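What follows is one structure encoded as structure tokens, with my remarks underneath.
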Amino acid sequence: MLSKIFEKKTNAAKILVVDDEPGMVMVLSKFLKHNGYEVVTASDGLECIAKAEDELPDLILLDNIMPNMDGQTALGKLQASEKTGHISVIMVTALSDAKNIAGAQKGGAVEYIVKPFDYAVLLEKIGLALKSKRKGA
Amino acid sequence: MEMETREKTQILMDKDLIKVLLVEDDAVDSRLVKRVLAKCSQPVEFAVELVGSLSAAVKCLGSSEYDIVLLDLRLPDSAGIETVRNISGVNPRLPIVVLTGLDDEETGLLAIKNGATDYLVKSQSLENLLVRTILYALEREREKKLILDTNRRLQETSQKLFMAKKKLEEKAKALQEAHAKLELRVEERTAELSKANELLKKEIAKRKQTEEAQQAGEANLRKVILTSPEGIVIVNRDGIVQFVNPAAESLFGRKAEELLGELFGFPVMRGEVIEVDIVNHGGGPGIAEMRVVETEWNGQSAYLALLQDITERKCAKEQIEHAAKEWRTTFDSITDMISIHDRNFKITRVNKALANAFKTEPKELIGKICYELYHGAKQPCQNCPHIQSLKTKEPSTLELFEPRLGIHLGISTSPVLDENGEVTSSVHITKDITERKLAEEKLKKANEKLKEYNQLKDEFVSTASHELRTPLSIIMGAIRLVLDEIPGKIVEEQRDVLATAMESVERLGRIVDSLLSISKIESGKLDLQKTVVNICELIEDTVSNYKPLAQEKGIRLDYEIPQRSVDICLDPDKTKEVLINLISNSLKFTPEGGWVKVICAEQDGEVLVSVQDSGLGIAKEDIPKLFDKFTQFGRKAGPGEKGTGLGLAISEGIVKQQKGKIWAESEPGKGSKFTFTLPKHSTEELFKQYVKNAIEEALKNDTKMSLITVSIADLDKLKQKLSNEKIHSILKDMKALLENNLRRASLQRAGDTVFQNFDEVFAILANCDKENALNVEQRLSQVLDDYLAHQNLADKIKLLFGCATYPDDASTDEELIKKAKELRPAFLMLSSV
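Chains as they are written, first to last, in this note's numbering: chain A, 1 to 137; chain B, 1001 to 1833.
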């Protein structure tokens, strides 16, 4: 039992889920955990940056519209920081217009997923992002 | 001949002695000549003087006269022809007979040419010939002289004649002049006489006339009066008719007997012209003009009334007056302000309404210059419709605000053309359009407000939809979690219930998406990601996606597309959405056993795509409402996904935004046909459009964009080695390779496009700076080199590259393309060397 947990902790990728909607965080966490990922969460941009620095996740799922600091701003800060610049970020947001997509692209996000999304597709994209990151690193 | 000679010789007889100068140095010869002459049988005597040299001969010729010279050419001081010339020089008239030797006949002939009259050969025949020759020579000379004399005399006579003629002419001229003068005098005199005569005649005639007039007297006058077309009535001082001429009879329609002795009945006043009622030719009422003069009748003073029928004239005049008045009143009762302007902007006529606007009378405005009067300007206004009308000969309009009057004016001018089609003036109609303008402004404001509301609505829909998306994804996720039994096992019934919930949530998701789409379309914010696509492939793709569903429903789903690719510029995702909407609609409303067909055709610069089915069809009255939002008709849909009621509205928006049209044809029971069109462009146009779009996008997002060109070097030479098809397929492969290798990250989307021309491939990279673009170029060159090596084409094909970045290298699409076409071998980064 212990070894299994240890194994999980060492091998599984760590994903930081950032969303101001507790429901969203809950559902995503359950899904990711069920699919073998380690999950940490944050509920706004500020917390996201703090958690990212503390936990150094492999990937961040980042909502855009949030109180205190929005996702776009947080993305910029994450990418600008030496400590967190290497972390892949996937934007998961209700905004689907070209301007926001281009903004995310410019900010360095590797993917952009519009809500509501197919969970299977999300998992696939997470897998791809992590794979290419490992390859790139 | 013989006879003649004799005769002539006889003539010579008159001369009793012929003096001969013999120039001969040879004594024998001289003696011979002397002897011959002395022995002469002719009745002539010769006196011969002999000299032995030329100088002696010349001396003799100078001192005495000779009739003839006999000349030997061989003299001690002269020889040959020269001797003849010398002698002839002394006296050209003197006949010279040259005596030559036997062997020298030629010299003799030459001597004749040089002035000698004849020559003789010194021989035995000399005896016979000498005298004759001398006589002939003398005779010839005499004739020559005669001719010359005659000639001279003739000349003299002719000159005399000429002089005489000249004198005669002068005389004739003088005579003529004298004659002319005389004639003039005669004429003058005649004129004077005839004048006097005329005066006399006139005087006589006058006297005669007076006499005659006196004699003819009243008879003549009567005749005139009787035949006068004017009515003549003589009334005495008491107003009783004394005389009526036939014209007056007919004017009053009564006989003279009826009128004479009666009261005339019209006031007769000297010098006044009045109008009186008469009977017209036709018998109807008429009007005559009556002039009255004083006269005498039978020794008593009376009035003479002259009557002229002016019925017709009066009528015509009345008509003209009426027309003029009608025109004037019409002109003045028009509430629009009207003025007529000549070519020099001078006002020639204005109506009352215009004068009223200036609080004056029309005549006060005539002659004024329009721009001075109307606009207080010193020069014609720039946008003046009058100038426009003068120039174009067409009506022209203008709307303006006149600050001095505080009103808006609508001016329209119409040119007035003369018979040559030239504009002489223009009619200026000015309307007070202040109310209309105010209403327009109101409407504009209302419209703006409406737009504002509409925008608010769009924003509301957009925000609401976004707000809906998060809870929707939570519900979807939650249901998925339960369905996937992550929180725990579920029973079959629970699964069914959740599946239904899932279906509804998914539909809700589609509705939210559709609402967002429609609000974007309606607010004009639909972002089209246009790229060049073979629409046939798009159709094939979409149809094959729906094949399983069609099969499941027992419907035959086919397509009919052109053999070759039909490349057009469109947003593939959005266009596919239209196709999906139409196909899924058709499938929904086509019963089992039916068919659905997608047809693509090209026509007049556009591409037509139709989705036709053998389904239920649509009622005629419903067709116009098909593309409205949330309209679902009483058609019974088959099983499957529920619609959102927005599909056709969105489709219409997408098609229209791509400059196409969409429409439906249908007949209940026979199926429907939905068709949309998309415009076609030339490759060049498309490419330019592309680059333009990418630049606009970059400008909007404040990013950079780059354009990479890949070109095959020496294409013309290559075409000799490889077929066009082969080259085309290589370019196509290159395009595909470029498409797959533009960016490393999975983020390649919005704006990245690969474009293939006839001999080049272009990559448009959105959000890409110079460094990044050169990176991409390097990677592309490696990939393409690998491809060429693999195809065994590396030695045949060399690739050239070009790269330009906006806004670093160029600021317009054209410049950027030009810059990107500056070709060179592939760029190599230092790191890769």
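Yeah, the Cβ is synthetic: ideal placement off N, Cα and C, and Gly gets one too.
As the structure is a computational prediction, the values presented were derived from the model and not from experiment.
- Burial of B:Cys-1569 is indicated by the presence of at least 16 other C-beta atoms within 10 angstroms of its C-beta.
- Runs of the alpha helix (DSSP H) lying entirely within the segment 1097 to 1149 of chain B and spanning at least 4 residues, in chain order: 1105 to 1113.
- The beta-carbon of B:Ala-1478 is placed less than 8 Å from the nearest beta-carbon of chain A.
- Between the alpha carbons of A:Pro-57 and B:Ile-1730 lies a distance of about 45 Å.
- Closer than 8 Å to the CB of B:Asn-1741 there is not a single CB belonging to chain A.
- Going by DSSP, B:Met-1476 is part of the alpha helix (DSSP H) stretching over 1434 to 1483.
- Around the beta carbon of B:Val-1293, fewer than 16 other beta carbons lie within 10 angstroms, which makes this residue exposed.
- Taken through DSSP and simplified to helix, strand or coil, B:Ile-1599 comes out as strand.
- Remark: three or more beta-carbon pairs, one from each stretch, lie closer than 8 Å, so the segment 1515 to 1535 of chain B and the segment 1563 to 1577 of chain B are flagged as touching.
- If you draw a straight line from the Cα of B:Phe-1676 to the Cα of B:Ile-1662, it comes to about 4 Å.
- Boundaries of the alpha helix (DSSP H) around B:Gly-1647: 1647 to 1657.
- In this structure, the straight-line span from the alpha carbon of B:Leu-1549 to that of A:Asp-44 is close to 43 Å.
- Rounded to the nearest whole angstrom, the CA to CA distance from B:Arg-1564 to B:Asp-1613 is 25 Å.
- Exclusion of the five residues before and after B:Glu-1777 leaves Ile-1708, Phe-1801, Cys-1803 and Phe-1827 as the residues of its chain whose Cβ lies within less than 6 Å of its Cβ.
- For B:Arg-1436, there are no neighbours in chain A by C-beta distance under 9 Å, as the nearest C-beta there is about 41 Å away.
- Bridge partners of B:Tyr-1303 according to DSSP: B:Val-1235 and B:Glu-1294.
- Against chain B, the CB of A:Lys-115 has a partner CB under 8 Å away; the residue lies at that interface.
- Against chain B, the CB of A:Leu-28 has a partner CB under 8 Å away; the residue lies at that interface.
- Counting the other CB atoms within 10 Å of its CB gives B:Ser-1672 a total of 16 or more, which places it among the buried residues.
- In terms of Cβ geometry, B:Leu-1022 and B:Ala-1047 do not form a close pair [threshold 8 Å].
- B:Asn-1581 sits close to B:Ser-1651, with the two beta carbons spaced by under 8 Å.
- As a beta-bridge residue in DSSP terms, A:Met-91 pairs with A:Leu-62 and A:Tyr-112.
- Annotation for A:Tyr-112: Met-91, Ile-101 and Ala-104 place their beta carbon closer than 7 Å to its own, counting only its chain and skipping 5 residues before and after.
- In the three-state scheme derived from DSSP, where H, G and I count as helix and E and B as strand, B:Lys-1019 is classed as strand.
- One Cα belongs to B:Lys-1317, the other to B:Glu-1275, and the distance between them is close to 15 Å.
- Measuring C-alpha to C-alpha distances from A:Gly-36 to each of A:Ala-52, A:Ala-42 and A:Lys-14 identifies A:Lys-14 as the nearest.
- Listed in chain order, the alpha helix (DSSP H) elements of length 4 or more contained wholly in the segment 1019 to 1063 of chain B are 1027 to 1038 and 1054 to 1063.
- Excluding its 5 nearest sequence neighbours in each direction, B:Leu-1050 has C-beta neighbours in its own chain below 6 Å: Leu-1022 and Ser-1030, listed in chain order.
- The criterion of a C-beta distance shorter than 8 Å is satisfied by B:Leu-1737 and B:Val-1783.
- Residue B:Gly-1653 holds the alpha-carbon nearest to the alpha-carbon of B:Glu-1577 among B:Ser-1088, B:Gly-1653, B:Leu-1365 and B:Lys-1165.
- In the structure shown, B:Glu-1422 adopts coil according to DSSP, grouped into three states.
- Chain B has no Cβ within less than 8 Å of the Cβ of A:Tyr-37.
- Contact of B:Asn-1767 with chain A is assigned, a C-beta pair being separated by under 8 Å.
- Contact with chain B is absent for A:Asp-44, since none of that chain's Cβ atoms lies less than 8 Å from the residue's Cβ.
- In this structure, the alpha-carbon of B:Gly-1410 lies about 14 Å from that of B:Val-1427.
- Per DSSP, the unbroken alpha helix (DSSP H) holding A:Gly-103 starts and ends at 98 to 107.
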